[in-house]
Amino acid sequence: MPTAGERSGVREGKDRPLTVHQLNELLLICSLVLLIAVAAVRISSRSGLPSLLLYLGIGVVIGQDGIFNVKFDNAELTQVIGYAALVVILAEGGLGAKWKEAKPALPAAVALSTVGVAVSVGVTAAAAHYLVGLDWRQALIIGAVVSSTDAAAVFSVLRKIPLPSRVTGALEAESGFNDAPVVIMVVALSTVGPVEHWYVLVGEIALELAIGAAIGLAVGWLGAFGLRRVALPASGLYPIAVMAIAVVAYAAGAMAHGSGFLAVYLASMLLGNSKLPHAPATRGFAEGLGWLAQIGMFVLLGLLVTPHELGDDFWPAVIVGLVLTAVARPLSVLVSLAPFRIPWQEKALMSWAGLRGAVPIVMATIPMVSGIEGSHRIFNIVFVLVVVYTLVQGPTLPWVAGKLHLGDPSEAADLGVESAPLERLRGHLLSVAIPDRSKMHGVEVGELRLPPGSAVTLVVRENKSFVPGPTTVLRRGDELLVVATDPVRDAAERRLRAVGQGGKLADWLGTNGTGAGGTGGPGRKPGAHGKPGSGVGGLGRGQG
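Position one of the sequence shown corresponds to residue 77 (the working numbering), numbered consecutively onward.
Encoded structure:
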């Protein structure tokens with residue numbers, strides 16, 4: 077029996093704690109990698125090359141066969157970190173999803189992420205079995221893994237292209253939804269032993285999706301309800317609270333044997349469309365975390381791959397990817413969207429916009445952790461497939477959209493509106509940023525026709541602030557401070573967004589956003605709210 081000293085020595089050898097010196101080295105290396113990754117985003121935006129490839133490249137350069145030859149083969153740790161990163165990426169995507177765009181596209185997105193996934197899995201698995209020679213279990217795993225579109229890739233690419241809202245909404249919602257059934261399928265196929273009958277697997281997928289959806293909606297609604305009614309002492313606490321609620325949705329869904337990925341996306345979408353205080357700051361915080369999650373996940377996946385082992389699996393990956401891109405994805409779009417009246421141009425773009433990224437590579441670690449035979453080959457094929465076809469699809473997506481005559485670069489951009497509650501004054505302070513393509517450019521303050529009880533109190537232009545008058549002309553890049561009482565807060569924001577989309581003629585264009593509590597019909601004189609004491613340039617009567 078080992079002595080206490082021997083036991084202590086064994087523990088120190090196996091679980092030696094991180095020293096301060098090692099921590100310093102780790103922080104230096106991680107910071108340098110982050111800075112290189114941030115600089116790579118600039119290269120990506122100029123070249124059109126998806127940033128995920130640059131991050132993967134950083135990992136490959138650091139890892140085996142690379143410059144630093146860091147040996148890393150911990151698939152289980154990669155899977156855990158990949159799951160955590162995916163939770164953050166889905167939360168960021170849900171917070172940025174606009175319900176008005178997603179709502180009409182929701183049925184199509186559900187069809188794409190269920191029926192479409194099933195069609196894609198079947199066609200791709202058949203190609204992997206008959207053309208590449210994999211056994212059926214390995215072929216089905218590859219078919220399931222690569223049938224999931226990547227949320228990070230879709231969110232980052234589509235939001236740079238002015239596509240019709242129905243297309244953007246469907247593709248973003250699909251990328252948020254289809255991770256859930258695919259993960260369930262891959263886990264079931266990666267279980268050692270006989271695979272369950274297909275109808276049992278379908279039943280399990282349906283049950284887990286239902287549980288995840290119910291928990292996600294419940295957590296999101298409760299979180300939004302609480303945050304709207306609690307004035308936190310610091311604005312920086314709101315983003316933290318929102319992200320914590322999103323993670324609670326994932327954890328609760330997963331622990332209830334439901335789909336945690338679906339739960340976090342739905343909860344985040346509900347939170348992002350609930351007009352929470354400091355919403356733009358929250359989205360900015362989530363976007364930063366999303367970038368960090370992407371960088372960490374992609375670099376780690378690059379470290380995990382062994383480049384000299386990829387040669388034998390290059391052509392199998394190209395063959396499977398060609399079938400996936402040219403046959404499986406278009407067929408899945410046609411079959412799943414057959415009941416919907418969607419123009420063929422939009423279907424064609426959706427077929428080409430089935431972007432893959434880190435999610436399939438993370439899912440390819442599941443059979444590795446489970447010890448499935450041939451799992452390393454599956455990982456290599458998926459890795460090569462993602463890299464090759466991301467190089468093909470990502471940069472060409474804007475060109476394809478242009479050839480299909482989809483997208484309008486002149487489309488008016490939505491306003492960035494941030495709300496901070498003024499609890500003691502029973503009002504709200506709205507911070508409004510006018511983007512470059514907003515039709516609010518050139519509109520006079522009086523022509524905003526805000527509802528009584530709201531007022532533009534300050535304009536910040538070129539780092540200088542001033543109190544506007546009713547004839548002050550607003551410009552691109554201006555930031556406005558609007559004070560609104562509780563009863564008209566929503567009507568004021570709707571009116572501001574309507575003018576941002578339709579200009580001073582928003583009423584006549586059918587984009588009047590004042591709602592029930594609003595004013596400003598066609599017969600009202602512009603600038604009626606511009607008289608001293610009535611709302612422009614100062615707080616109106618009764619707004620204290």
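C-beta atoms are modelled at their ideal positions from N, C-alpha and C, and glycine is treated no differently.
Owing to the predicted nature of the structure, the values given are computational and were not obtained by experimental measurement.
Next on the checklist: For the region 148 to 162 against the region 184 to 196, do three or more pairs of beta-carbon atoms, one drawn from each stretch, fall closer than 8 angstroms, so that the two count as touching?
Outcome noted: Judged by Cβ distances under 8 angstroms, the region 148 to 162 makes no contact with the region 184 to 196, as fewer than three pairs qualify.
Checklist entry - Residue range of the alpha helix (DSSP H) that Leu-376 falls in? => result Taken as a continuous stretch (DSSP letters only), the alpha helix (DSSP H) holding Leu-376 covers 355 to 380.
Item to check | Helix, strand or coil at Leu-431 [DSSP, three-state] | outcome: Three-state DSSP puts Leu-431 in coil, outside helix and strand.
Checklist entry - Counting along the chain, where does the alpha helix (DSSP H) carrying Thr-533 start and finish? => result Thr-533 -> not in any alpha helix (DSSP H); beta strand (DSSP E) instead, spanning 530 to 537.
Checklist entry - Looking at Leu-526 and Arg-571, is the spacing between their C-beta atoms short of 8 angstroms? => result Yes, Cβ-Cβ distance for Arg-571 and Leu-526 is below 8 angstroms.
Checklist entry - When the distance is taken between beta carbons, is Val-243 closer than 8 angstroms to His-482? => result Correcting the residue type first, residue 482 is Leu in the shown sequence and not His. Contact annotation: Leu-482 and Val-243 have beta-carbon atoms nearer than 8 angstroms.
Next on the checklist: Please state the DSSP three-state secondary structure of His-273.
Outcome noted: Secondary structure of His-273 (DSSP, three-state): coil.
Checklist entry - Any idea what DSSP makes of Glu-250, helix, strand or coil? => result Secondary structure of Glu-250 (DSSP, three-state): helix.
Checklist entry - So what does DSSP say about Leu-207, is it helix, strand or coil? => result Correct three-state label for Leu-207: coil.
Checklist entry - From Val-399 to Arg-405, what does the alpha carbon distance come to, in whole angstroms? => result If I take the Cα positions, the gap works out to 8 angstroms.
Item to check | Helix, strand or coil at Glu-555 [DSSP, three-state] | outcome: DSSP places Glu-555 in strand when its eight states are reduced to three.
Item to check | Cut-off 6 angstroms between Cβ atoms - residues of its own chain near Glu-555, not counting five sequence neighbours on either side | outcome: Excluding sequence neighbours, Glu-555 sits near Ala-509 and Val-536.
Checklist entry - To which residues of the same chain is Pro-392 closer than 7 angstroms at the C-beta, ignoring the five residues directly before and after it? => result Annotation for Pro-392: Val-208 and Ile-457 place their beta carbon closer than 7 angstroms to its own, counting only its chain and skipping 5 residues before and after.
Item to check | Minimum C-alpha distance to Arg-432 - residue among Ser-251, Thr-154 and Ala-330 | outcome: Nearest C-alpha to Arg-432: Ser-251.
Checklist entry - Would you report the Cα separation of Val-314 and Arg-359, rounded to the nearest angstrom? => result Correcting the residue identity first, residue 314 is Tyr in this sequence and not Val. CA-CA distance, Tyr-314 to Arg-359, rounds to 10 angstroms.
Item to check | Leu-342 vs Gly-299 beta-carbon contact at 8 angstroms | outcome: In this structure, Gly-299 does not lie closer than 8 angstroms to Leu-342 by Cβ.
Next on the checklist: Whole angstroms are fine: how far does the CA of Lys-515 sit from the CA of Val-476?
Outcome noted: Their backbone Cα atoms lie some 28 angstroms apart in a straight line.
Checklist entry - For Leu-303 versus Pro-257, is the C-beta distance shorter than 8 angstroms? => result Not closer than 8 angstroms, so no.
Checklist entry - DSSP three-state call for Val-508: helix, strand or coil? => result In the three-state reduction of the DSSP assignment, Val-508 falls in the strand class.
Next on the checklist: To the nearest angstrom, how far is the alpha carbon of Ala-330 from that of Gly-296?
Outcome noted: Between the C-alpha atoms of Ala-330 and Gly-296 there is a straight-line separation of about 15 angstroms.
Item to check | Nearest-angstrom Cα separation, counted from Met-345 out to Gly-621 | outcome: Since the first and last residues shown for the chain are 77 and 620, residue 621 lies out of range.
Checklist entry - Considering only C-alpha positions, which residue in the set Pro-180, Leu-283 and Gly-372 is nearest to Ser-241? => result Ser-241 has its Cα closest to that of Pro-180, out of Pro-180, Leu-283 and Gly-372.
Next on the checklist: Judging by CA-CA distance, which residue of Tyr-275, His-333, Pro-353 and Asn-539 is the nearest neighbour of Ala-307?
Outcome noted: Nearest option by C-alpha distance: Pro-353.
Checklist entry - Alpha carbon to alpha carbon, what distance is there between Glu-101 and Ala-201? => result Computed Cα separation, rounded: 45 angstroms.
Item to check | Helix, strand or coil at Phe-148 according to DSSP, with G and I counted as helix | outcome: Residue state, collapsed to three classes: coil.
Item to check | Rounded straight-line distance, which links the Cα of Lys-479 to that of Val-532 | outcome: So the two alpha carbons sit approximately 43 angstroms from each other.
Checklist entry - When DSSP labels each residue in this structure, what does Leu-94 get in the three-state scheme? => result Here Leu-94 carries a coil assignment [DSSP, helix/strand/coil].
Next on the checklist: Assuming contact is defined by CB atoms lying nearer than 8 angstroms, are Val-445 and Gln-214 in contact in what I supplied?
Outcome noted: Their beta carbons are not under 8 angstroms apart, which means Val-445 does not touch Gln-214 by this criterion.
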